[in-house]
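> Here our numbering runs 3 ahead of the position in the sequence shown, where the first position is 1. Next up is a structure, given as structure tokens.
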Amino acid sequence: MFKPLNDRVLIKPEDKPTETSSGILLSDKTQEKPVIGEVIVGNKDVKEGDRVLFSKFGYDEVTLDGDLYYVVSDCNILGIL
């Protein structure tokens, strides 16, 4: 299992909808990157299972076992939902 170092946590981003409420399909390029996710590996401030809001420019993408995760520093986590 991946263990982030220092003040970082591992987050699984929430899936964004692929179409609008009126049925218009959205391409990958028109969708913003998700800024909400579930903490998979936490630390002293953020616990596993917490749903958090984080800065859309403050993370590194990693792929583990074919799944996309974000490594986010504590200072880029805006709050717990």
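Each residue gets a CB set at the ideal place from its N, CA and C atoms; glycine is no exception. Nothing here was measured: the structure is a model prediction, and the numbers come from that model.
What's the gap between the Cα of Val-42 and the Cα of Gly-52?
On the sequence shown, position 39 is the one that residue 42 refers to. On the sequence shown, position 49 is the one that residue 52 refers to. Cα to Cα, Val-42 sits roughly 5 Å from Gly-52.
> By the three-class DSSP mapping on this structure, what secondary structure does Asp-70 have?
Along the sequence shown, one-based indexing puts residue 70 at 67. The answer is strand: DSSP assigns Asp-70 an E or B state.
> Beta-carbon within less than 6 Å of Ser-76's beta-carbon, same chain only, minus the 5 sequence neighbours each way: which residues are those?
Counted from its first residue, the sequence shown places residue 76 at position 73. Asp-10 and Arg-11.
> Since Pro-16 is in the beta strand (DSSP E), which residue starts that stretch and which ends it?
Residue numbering aside, residue 16 sits at position 13 when the sequence shown is read from its first letter. 11-16 is the span of the beta strand (DSSP E), which, as asked, contains Pro-16.
> By DSSP's criteria, Phe-60 is part of a beta bridge. Which residues make up the other side?
Looking up residue 60 in the sequence shown gives position 57. Paired residues: none, contrary to the question.
> So, at 7 Å on beta carbons, what are the nonlocal neighbours of Tyr-62 in its own chain, with the 5 sequence-adjacent residues on each side left out?
In the sequence shown, residue 62 corresponds to position 59, counting from 1. Correct list, in chain order: Tyr-73, Val-74, Val-75 and Asn-79.
> How would you label Ile-27, buried or exposed, when you count the other beta carbons within 10 angstroms and need 16 or more for buried?
Reading the sequence shown from its first residue, position 24 is the one you call residue 27. Looking at its Cβ environment, which holds fewer than 16 other Cβ atoms inside 10 Å, Ile-27 is exposed.
> To the nearest angstrom, how far is it from the Cα of Val-49 to the Cα of Pro-7?
The residue given as residue 49 occupies position 46 in the sequence shown. The residue given as residue 7 occupies position 4 in the sequence shown. The alpha-carbon atoms of Val-49 and Pro-7 are separated by roughly 13 Å.
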